[in-house]
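Residue numbers (this note's numbering), protein chains in the order written: chain V, 1 to 116; chain P, 117 to 232.
Heads up, the beta-carbon is just placed ideally off N, CA and C, and yes, glycines get one too.
Note that the structure is a prediction, hence the values are computed from the model and not measured.
A short write-up of the structure that comes next.
There are 2 protein chains.
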Amino acid sequence: MCLRSCYSAGVQAVIEAIAEPRRREILQLVRDEEMTAGRIAAHFDVTRQAISQHLRVLHGARLVSERRDGTRRLYRVRPEGLIELRAFLDDFWSNRLEKLKREAEADEKSRAANRR
Amino acid sequence: MCLRSCYSAGVQAVIEAIAEPRRREILQLVRDEEMTAGRIAAHFDVTRQAISQHLRVLHGARLVSERRDGTRRLYRVRPEGLIELRAFLDDFWSNRLEKLKREAEADEKSRAANRR
DNA sequence: CGATAATGTAAGCAGAGACTTGCGCAAGTG
DNA sequence: CACTTGCGCAAGTCTCTGCTTACATTATCG
């Protein structure tokens with residue numbers, strides 16, 4: 001059921017990755033074009049290594065791709081991770097809408113049940 | 117720009133709230149019907165107080181509604197927070213995703229061709 | 001009113017994670 | 001070959017957060 005997607009390792013990794021504001025900013029940076037780790041880090045006031053660690057997390061969540069060109073590493077948004085997250089949310093959402101028809105009925109039942 | 121939505125307090129609260137697996141489980145529990153705090157807590161192996169704190173976080177992110185009936189408090193999923201998250205993701209998408217996917221596939225093919 | 005039931009709040013602790021400093025490593029360049 | 005560039009990795013620090021224990025709060029019932 002839905003519990004599977006609740007515990008999906010992929011979705012968990014994606015949500016944890018985008019929970020950090022700086023990582024969302026990084027995603028915005030590499031959304032339209034490939035960018036080297038150095039150029040990405042230059043946009044922030046933390047150290048280059050800190051951004052490197054963020055990039056590792058994003059890569060682990062399959063939210064960015066990594067391509068090597070000499071000593072440089074180029075990153076770019078990859079849609080797989082976000083597609084997975086969207087599927088999770090859509091699943092949550094559609095199921096809720098599906099049940100929405102019986103909302104009044106369910107309301108009454110739950111209230112009676114809770115009254116015990 | 118998109119930086120506003122990156123730093124939106126509401127979206128930040130929602131993402132942080134659903135980043136915790138137990139809170140996602142709680143959302144599933146109260147998705148279809150109202151449920152008391154006690155009944156929700158009974159589904160987990162942590163203390164009732166821990167669940168109460170999770171409910172506070174979910175309520176702060178506007179992901180659940182709280183209704184009092186005597187000494188009991190009844191919780192239920194509220195769509196506002198999820199709507200906000202969806203809007204954020206849709207904004208991030210901005211119909212780039214499909215294009216990105218095609219480009220990624222094309223990149224893979226050209227890179228494979230260049231390797232030989 | 002006192003007792004009890006359902007729940008939130010507060011303080012403290014332990015683990016997670018974000019950041020820094022220091023170092024290592026691969027690929028060009030003189 | 002040394003030297004530089006562009007990175008990632010590792011260990012230590014500090015803050016945040018989720019959990020527990022203990023206490024407070026609110027409402028109902030006798």
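Going straight from the alpha carbon of Ala-153 (chain P) to that of Gln-165 (chain P), what length do you get?
-> To locate residue 153 (chain P), count along the second sequence from 1; it is residue 37. To locate residue 165 (chain P), count along the second sequence from 1; it is residue 49. Cα to Cα, the separation comes out at about 10 Å.
Beta-carbon proximity of Ile-18 (chain V) to Ile-40 (chain V), cut-off 7 Å | Taking the first sequence and counting its residues from 1, the one referred to as residue 18 (chain V) is at position 18. Taking the first sequence and counting its residues from 1, the one referred to as residue 40 (chain V) is at position 40. Cβ distance not < 7 Å, so Ile-18 (chain V) and Ile-40 (chain V) don't count as in contact.
CB Ser-65 (chain V) to CB Arg-78 (chain V), shorter than 7 Å?
-> Counting from 1 along the first sequence, the entry for residue 65 (chain V) is found at position 65. Counting from 1 along the first sequence, the entry for residue 78 (chain V) is found at position 78. For the pair Ser-65 (chain V) and Arg-78 (chain V), the CB atoms are nearer than the 7 Å cut-off.
Hey, is Ile-167 (chain P)'s beta-carbon within less than 7 Å of any beta-carbon in chain V?
-> The count along the second sequence starts at 1 and reaches residue 167 (chain P) at position 51. No - not a single Cβ of chain V is within 7 Å of the one on Ile-167 (chain P).
Leu-89 (chain V) versus chain P: which residues are under 8 Å apart at the beta carbon?
-> The residue you call residue 89 (chain V) lines up with position 89 of the first sequence. For Leu-89 (chain V), the chain P residues whose Cβ falls inside 8 Å of its Cβ are Leu-198, Leu-201, Arg-202, Leu-205, in order along the chain.
Can you grab the Cα-Cα spacing for the pair Ala-129 (chain P) / Leu-174 (chain P), in whole Å?
-> Position 13 of the second sequence, counted from the first residue, corresponds to residue 129 (chain P). Position 58 of the second sequence, counted from the first residue, corresponds to residue 174 (chain P). A direct Cα-Cα distance of roughly 9 Å separates Ala-129 (chain P) from Leu-174 (chain P).
Taking only the alpha-carbon atoms, compute the straight-line gap between Gly-10 (chain V) and Asp-90 (chain V) and give it to the nearest angstrom.
-> Position 10 of the first sequence holds residue 10 (chain V). Position 90 of the first sequence holds residue 90 (chain V). Spanning the two alpha carbons is a distance of roughly 16 Å.
Is the distance from the Cβ of His-54 (chain V) to the Cβ of Arg-73 (chain V) below 7 Å?
-> Indexing the first sequence from 1 puts residue 54 (chain V) at position 54. Indexing the first sequence from 1 puts residue 73 (chain V) at position 73. Against a cut-off of 7 Å, the Cβ pair of Arg-73 (chain V) and His-54 (chain V) comes out as no contact.
Relative to the C-alpha of Glu-132 (chain P), which residue among P:Trp-209, P:Phe-208, P:Leu-201 is closest?
-> As a position in the second sequence, residue 132 (chain P) is number 16, starting the count at 1. If we check each option's Cα against that of Glu-132 (chain P), P:Leu-201 comes out closest.
Nearest neighbour of Phe-208 (chain P), chosen from V:Glu-20, V:Ser-8, V:Leu-29 [CA to CA] | Taking the second sequence and counting its residues from 1, the one referred to as residue 208 (chain P) is at position 92. Of the listed residues, the one whose Cα sits closest to Phe-208 (chain P) is V:Leu-29.
Between Arg-183 (chain P) and Gly-197 (chain P), is the Cβ-Cβ spacing less than 7 Å?
-> In the second sequence, residue 183 (chain P) corresponds to position 67, counting from 1. In the second sequence, residue 197 (chain P) corresponds to position 81, counting from 1. If you check the CB distance, Arg-183 (chain P) and Gly-197 (chain P) do not come in under 7 Å.
Beta-carbon contacts of Arg-76 (chain V) that lie in its chain and below 7 Å, excluding the five residues immediately before and after = What you label residue 76 (chain V) is simply residue 76 of the first sequence in a count that begins at 1. Counting only residues of its own chain and dropping the five nearest sequence neighbours on each side, Arg-76 (chain V) has a CB closer than 7 Å to the CB of Val-30, Glu-34, Val-64, Ser-65.
Just curious, the beta strand (DSSP E) that Ser-65 (chain V) is in, first and last residue?
-> What you label residue 65 (chain V) is simply residue 65 of the first sequence in a count that begins at 1. Here the beta strand (DSSP E) through Ser-65 (chain V) covers 64-69.
Under 8 Å Cβ-Cβ, which residues of chain P neighbour Glu-33 (chain V)?
-> Stepping through the first sequence from its first residue, residue 33 (chain V) is reached at position 33. Residues of chain P passing the Cβ test: none, with the nearest at roughly 11 Å.
Kindly indicate if chain V contains any beta-carbon less than 7 Å away from that of Glu-136 (chain P).
-> Position 20 of the second sequence, counting from 1, holds the residue named residue 136 (chain P). No, no contact with chain V.
By the criterion of Cβ-Cβ separation under 8 Å, what are the contact partners of Ile-131 (chain P) in chain V?
-> In the second sequence, counting from the first residue as 1, residue 131 (chain P) sits at position 15. Contact note: Ile-131 (chain P) reaches chain V through Ile-15, Ile-18, Ala-19, using a C-beta cutoff of 8 Å and chain order.
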